[in-house]
Amino acid sequence: MESIKQTKEVVEYYLTLSIKQQFNLDLDLKDEFILTENLVSKKLIIAPTFSEKILNNPEIKDFLHALISDINNEDQPNIVVKLESEPIRNVV
13 MESIKQTKEV VEYYLTLSIK QQFNLDLDLK DEFILTENLV SKKLIIAPTF
63 SEKILNNPEI KDFLHALISD INNEDQPNIV VKLESEPIRN VV
């Protein structure tokens, strides 16, 4: 159970940092997603549970959806290692 909590904290940190870098906004994303198990693959995935503050901002909503999709599709492998070893760069 501790591993899931740590994973959620790392994902929250990554998403928050990405929003800060891309939009220069500090958003609390703690309650904007959950971690759950894919019923077919049994892999841990991120499921968005966006509140009105995210849903009312289409740019941020689309940006978060893209990041979450990338993570769920493993386009961002070893996210923990990336956060610790190199800074995240803005992608324009």
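For what it's worth, this note's numbering labels the leading residue of the sequence shown as 13, then goes sequentially.
Even for Gly, the Cβ is constructed at its ideal location relative to N, Cα and C.
Query                                                                       : Result
Start-to-end residues for the alpha helix (DSSP H) that takes in L67        : E64 to L67
Whole-angstrom distance between N69 and D40, CA atom to CA atom             : 14 Å
Proximity to E21 [Cα-Cα], best of L47, K32, K55 and S53                     : L47
Rounded distance between the beta-carbons of F45 and I80, thought under 8 Å : 7 Å
Beta-bridge partners of F45, as assigned by DSSP                            : P60
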